[in-house]
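Listed in order, the protein sequences are those of chains S and H. Residues 1 to 151 (the working numbering) make up the first sequence, in order. Residues 152 to 509 (the working numbering) make up the second sequence, in order.
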Amino acid sequence: MFKKLIQKARVKSPWLLHYDCSSCNGCDIEVLACLTPVYDIERFGIINVGNPMHADLLLVTGTVNYRNRKVLLNLHDQMPDPKLVVAIGSCALSGGIFREAYNVIGGVDKVIPVDVYVPGCPAKPEAIIDGVTLGLNVFTRSKEGRKTHAR
Amino acid sequence: MLKTVIPFGPQHPVLPEPLHLKLTVEDEVITEAIPALGFVHRGLEMLANIRDFKQMTQVVERVCGICSMIHAMCYCQGIEAIMGIEVPRRATFLRTIWSELNRMHSHLLWLGLFADSFGFESLFMQLWKIREKVLDLNEATAGNRIIVSVNVIGGVRRDLAPEQISWMLAELAEVEQEINRLGSTLLTDYTVKKRTAGKGVITKDKAFELGLAGPTLRASGVCQDMRMLGYAAFDQLDFEPVVETGGDCYARSKVRFREVLQSIDLIRQALSRIDQSEIRTKVKGRPQGETVCRVEQPRGELFYYIKADGTKNLERLRIRTPTFANIPALLSILPGMWLSDVPVAVLSIDPCISCTER
Ligand code: SF4
């Protein structure tokens, strides 16, 4: 009974944490734009928090490099289970335009498991919202159908 | 007194970017601040050895997503100077218009984040609401909200239709009205003044000595703006840099606020003086030689050094961004401040970490 309640709350009101790996800011400010009145992601009950221990969702923008790899792993470890990772922008998907640069490891999925991929350079706020809401299904679904792609 | 070291960042809610500061505090007062950089370093300059010089236009746009148009404009101007390409007059005006739109959205973004840094959430939301209008202008004219990708070597990629121009003027009038409405809150409100006025003062001599750039410098009373050089079409517009003399966080926000209005004015002037012509010249051959190119970014002076050796790839590309010049300002104002004022002080220089570390 209690578990069911938590489950419902998690889908209806997930809290998100945003971490900027080495993104160019393009995707970051689009994530921020989602919070503002025009897109207003809070109507889905989503709140942006600064503390990984409060978060259900991790939004990652930008490629992983040798310096921030540890920070990303750390944030992911600190988040309580079950957690959802959404990679935003072509950088976070594969390294994007920077994939050949010497300090770049590649996409986020080289370091932590990713549930939803949102393409675009930068990804549009509509696509980000779509990705996040798609991801919420993961909380209710079983392990097999985990990988999802936003349009 | 016991000393404590508090880490600020790399993941901090007030700043979307990973800036890491090690703050040594005594009681609640900061005695020392040490920055740790490198979280966003990608090695972008070395991509010049892999991508050819035309593709690099798209790469330098991604140095920073906020001021991407101006980065590409600076790079293209540099290559055009090396190759001796004459850019059509209409293209220079179009570049001016898009670069000023870029400045507007960057400053509105900053004003919003600044309001957020001292906890004025509703002002943050209102400013970002206005910013969406500017982004709509970008999307309608250039095809994308943030990274507009309009620059190519030798001109621009897109043109404005006459009906778009009249629509833009109408939208700009609306934006101006809304900004003016918020201006009274932003500049005269008691809470805003209490949190920003008199905080983090940099005197005129100190600012000059530290070699600051952009609004941070102009807020201290030094009149320096790269747009005075008259690149693109700025030599054909009436332009007067915005200068304030306070030198504190309040003066810095005032400079940026007035620059938004100034940008609207510049776009209006450019739209009225634009004439019909080609928008792009053909580029033949490969660049050989070296050059230095300077333009004004929303955050200050942007500097490109380009060295080409006649092959498809550039030999060296060096980018110096304004935040790199402004970090010394931050380190000089932080000691002696209260811990609760750190977000305000950090944001007041408008740090762009992905520019700085590339
Ligand atoms: S995907 Fe594009 S916009 Fe997003 S961080 Fe990467 S380069 Fe910037």
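Ideal placement from N, C-alpha and C gives every residue a C-beta, glycine not left out. What you are looking at is a predicted structure, and each value in this text was computed from that prediction instead of being measured.
- The closest CA to that of H/T367, considering only H/G334, H/L338, H/V406, H/E322, is found on H/V406.
- For H/I430, no alpha helix (DSSP H) encloses it, and the DSSP letter there is neither H nor E.
- In the DSSP assignment, H/T182 falls within the beta strand (DSSP E) that extends over 180-187.
- If you draw a 10 Å sphere on the C-beta of H/R282, you find 16 or more other C-beta atoms in it, and that means buried.
- Under the Cβ criterion of 8 angstroms, H/H258 is not counted among the residues facing chain S.
- Taking a C-beta distance under 8 angstroms as the contact criterion, H/L422 and H/C225 do not qualify as a contact pair.
- Non-local C-beta neighbours of S/I46 in its own chain, meaning closer than 8 angstroms and more than five positions away in sequence, comprise S13, P14, W15, L16, L57, V132, ordered along the chain.
- Under the three-state reduction of DSSP, H/K173 is assigned to strand.
- Counting C-beta pairs closer than 8 angstroms gives three or more between the stretch 490-508 of chain H and the stretch 214-231 of chain H, which meets the contact rule.
- Exclusion of H/C506 from the 7 angstroms shell around the ligand SF4 follows from its C-beta lying no nearer than that to any non-hydrogen atom of the ligand.
- When rounded, the separation of the alpha-carbon atoms in S/K3 and H/V156 is 40 angstroms.
- For H/P486, the closest of H/L153, H/D310, H/I181, H/E177 by C-alpha to C-alpha distance is H/I181.
- The C-alpha of H/A476 lies about 37 angstroms from the C-alpha of S/E42.
- Annotation: S/P14 is outside any beta strand (DSSP E) and is labelled neither H nor E by DSSP.
- H/V176 and H/L481 have their alpha carbons spaced roughly 16 angstroms apart.
- In this structure, DSSP gives S/V38 a state outside helix and strand, which the three-state scheme calls coil.
- Your pair H/A187 and H/T442 does not check out as a contact, with CB atoms roughly 34 angstroms apart and the cut at 8 angstroms.
- Taking every residue with its beta carbon within less than 6 angstroms of a heavy atom belonging to the ligand SF4 gives, in chain order, S/S23, S/C24, S/G26, S/C27, S/T61, S/G62, S/G89, S/S90, S/C91, S/G96, S/I97, S/C121, S/P122, H/R213, H/G216, H/I298.
- The C-alpha of H/Y455 is placed about 27 angstroms away from the C-alpha of H/E429.
- In this structure, the CA atom of S/T61 is about 10 angstroms from the CA atom of S/E30.
- Here the alpha carbons of H/L278 and H/V446 stand approximately 26 angstroms from one another.
- The criterion of a C-beta distance shorter than 8 angstroms is not satisfied by H/P392 and H/G306.
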